[in-house]
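Quick notes on the structure that follows.
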Amino acid sequence: MSSTGAFLIVVGFDGSEPSLAALRWAVDEARLRRGKVRVITAWHYPPVPSSIEDSPINDSFHTAERFQAEALKAVASDGVDITGTLVRDYPATALLEASKEADILIVGSRGHGGFAGLLLGSVSTQVAHHASCPVLIVRHPSAV
26 MSSTGAFLIV VGFDGSEPSL AALRWAVDEA RLRRGKVRVI TAWHYPPVPS
76 SIEDSPINDS FHTAERFQAE ALKAVASDGV DITGTLVRDY PATALLEASK
126 EADILIVGSR GHGGFAGLLL GSVSTQVAHH ASCPVLIVRH PSAV
């Protein structure tokens, strides 16, 4: 249990269909356990001057922000406490850090990576091996 006493579910979201399936699963699980959901959306680009308004960093942040906002609207939360967090870091690193406070970490089987034939993406593989809590990997229904 988290420090607040509620069952804490951390879910990784990158805008992909498998991550949306993971988010839906997380909300359903939170409803059953009377828990709460923390949605982590990570974004990362090599350092560039942040004073450049149209830099890749700003584009990445706004894209991540938009993905997460759309996802939070898309799920039927029905009273489930859901918060979103944007983290500037590699996705696996951000999720592994968040797993230290979580009761369970839920991720999609694969995200936007370039190797579509793989059953698991690099982030889901990384968190499955190194998370500080149990991990649930959700496959998108069309992948089954």
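End of the sequence shown sits at 169 in the numbering used here; the numbers just go up one at a time, nothing left out. Glycine is no exception: its CB is placed at the ideal position from the N, C-alpha and C atoms. These numbers come from a predicted model, not from an experiment.
Output the boundary residues of the beta strand (DSSP E) element that contains residue i.
i	result
D39	Neither: D39 is in no beta strand (DSSP E) and is coded neither H nor E.
V100	It is not in any beta strand (DSSP E) - V100 carries neither H nor E in the DSSP assignment.
A67	K61 to W68
D128	Counting along the chain, D128 falls outside any beta strand (DSSP E), and DSSP gives it neither H nor E.
G146	Element bounds for G146: n/a, residue is neither H nor E.
R113	D106 to R113
Buried or exposed: where does residue i fall if 16 or more other Cβ atoms within 10 Å of its Cβ makes it buried?
i	result
A101	exposed
T19	As displayed, the chain neither begins before 26 nor continues past 169, which places residue 19 out of reach and without an answer.
L48	buried
G37	buried
D39	buried
P81	Because P81 sits at a pLDDT of 49, beneath the cut-off of 50, its placement in the model cannot be relied upon, and the point is left open.
G30	exposed
L57	exposed
A127	buried
A94	exposed
When you compare only the Cα positions, how much space is there between residue i and residue j?
i	j	result
V35	D84	25 Å
L111	V62	14 Å
H69	C158	24 Å
E54	V105	10 Å
Q151	S44	15 Å
F92	A67	11 Å
A46	I65	14 Å
A156	L130	8 Å
E90	Y115	15 Å
Assuming residue i and residue j are in contact, meaning their beta carbons sit under 8 Å apart, how far apart are those beta carbons, in whole angstroms?
i	j	result
I107	L97	6 Å
I162	S149	5 Å
What residue range is occupied by the uninterrupted alpha helix (DSSP H) comprising residue i?
i	result
A117	P116 to A123
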